[in-house]
Ligand code: UT7
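Numbering (this note's numbering), first residue to last: 1477 to 1827.
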């Protein structure tokens, strides 16, 4: 018995933000962004109408329709995001409620492994399906980055890369030979702060030994250092990325995790019908493609149109490739991701 993807769906907000739009609000250029990242445009959600969960809901409805099942058949939800609606509770319960599944009181689990979130979520779903604990699981990745990016020149190295959107799959046990063959999950916490948003948080400078940076130098038991004026003044509530280190590590770890999946299942790169890498940077995807000796039609890239949507990028790309007819039932797919944590991993499956 294997875990099969029986439905896919994605949703991206209507508002298109081009590189030229960004040129108007910060010191950047279309040429720089295209050359360094491959991105031409991304989508930004409507702030008062959309959230990470509402986008996830749209993607989930489409995945459920595509699977040809009723929402009530879902007996567990796994939700990956780094940009949740609330600090807590997680988006899983909000999506459960929006889908009307709160009446069934099914479990809802949130995954916090950032760019690798969807791979972790899919792997967990696979374990639950194969043990027989659940029959039908909704696995979602959704991000609303536009809510928390520094859209000034100060934040340009990070903010030009990211976009909003959501993707979802429905998985179910299958005995027809198709389904997930392998997943591998990795992390190295040594690099936790190299791609991170550390505030608001509960550390008060514990890790970098600089409490004053967080307005916590004289903090007593009743002082708020979760979020305060010093944190805002120092712009610590925006994401930070050591871009070059992330880039250099990503190209190594992407290849390692894909090779691990292939070697564990006795496959070779030429067996892959479609590689769907997390859409981190087109240069990273092109590097992986070259190293693996893959043709253009064996790799799906859409970062040009959506930017980096973190946990949503793989399920958006998968659903889009299915919709475009670029993936057929029975194809061997490899999904792979690397990102904040650092975390990385891959999945190999017969679609
Ligand atoms: O999904 C999570 C994983 N994330 C990634 O995989 C991202 C990996 N990293 C990258 O993709 C690249 O490192 C970036 C695209 C983020 C940056 O490219 P880079 O070639 O590493 O550029 P850099 O950070 O070394 O910056 C080069 C120059 C700097 O100027 P100086 O110091 O050379 O004068 C930056 O200030 O480019 C400048 N710069 C920009 N210029 C125009 C940085 N951001 C921008 C910008 N527009 N948006």
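Glycine included, C-beta positions come from ideal geometry on N, C-alpha and C.
{"Item": "Is any non-hydrogen atom of the ligand UT7 found closer than 7 angstroms to the C-beta of residue 1754, if you look at the structure I gave you?", "Value": "yes"}
{"Item": "Please list, in chain order, all residues of the same chain as residue 1559 whose beta carbon is under 7 angstroms from its beta carbon, the five residues on each side excluded.", "Value": "1528, 1619, 1620, 1621, 1623, 1624"}
{"Item": "What would DSSP say about residue 1763, mapped onto helix, strand or coil?", "Value": "helix"}
{"Item": "Would you tell me roughly how many angstroms separate the C-alpha atoms of residue 1740 and residue 1825, rounded to the nearest one?", "Value": "12 angstroms"}
{"Item": "Three-state secondary structure (DSSP) at residue 1591?", "Value": "helix"}
{"Item": "Compare the Cα-Cα distances from residue 1769 to each of 1783, 1745, 1785 and report the closest residue.", "Value": "1745"}
{"Item": "Under three-state DSSP, which class holds residue 1504?", "Value": "coil"}
{"Item": "Looking at the structure shown, is residue 1582 part of a helix, part of a strand, or coil, going by DSSP?", "Value": "coil"}
{"Item": "By Cβ distance below 7 angstroms, which residues in the same chain neighbour residue 1783 in space, the five residues on each side in sequence not counted?", "Value": "1515, 1518, 1637, 1638, 1639"}
{"Item": "Rank 1494, 1566, 1482, 1576 by C-alpha distance to the C-alpha of residue 1584 and give the top, closest one.", "Value": "1566"}
{"Item": "What do you reckon, is the C-beta of residue 1557 under 7 angstroms from a heavy atom of the ligand UT7?", "Value": "no"}
{"Item": "Kindly examine the ligand UT7 and report whether one of its heavy atoms sits closer than 7 angstroms to the Cβ of residue 1505.", "Value": "yes"}
{"Item": "With a cut-off of 8 angstroms on the beta carbons, I'd call residue 1785 and residue 1592 a contact; round off their distance for me.", "Value": "Not really, about 13 angstroms apart at Cβ, beyond 8 angstroms."}
{"Item": "So, are the CB atoms of residue 1536 and residue 1571 less than 8 angstroms apart?", "Value": "yes"}
{"Item": "With DSSP as the reference, label residue 1830 as helix, strand or coil.", "Value": "Since the first residue shown for the chain is 1477 and the last is 1827, residue 1830 is missing from the structure and cannot be characterised."}
{"Item": "Tell me the DSSP secondary structure of residue 1575 in three-state form.", "Value": "coil"}
{"Item": "Figure out for me which residue from 1756, 1695, 1758, 1644 has the closest Cα to the Cα of residue 1597.", "Value": "1644"}
{"Item": "Extract the residue ranges of the beta strand (DSSP E) inside the stretch 1494-1572, only unbroken runs of 3 or more that lie entirely within it.", "Value": "1517-1520, 1552-1556"}
{"Item": "Can you tell me which of the three DSSP states residue 1677 falls into?", "Value": "coil"}
{"Item": "Below 8 angstroms, how does it come out for the stretch 1807-1817 and the stretch 1660-1672: are there three or more Cβ pairs, yes or no?", "Value": "yes"}
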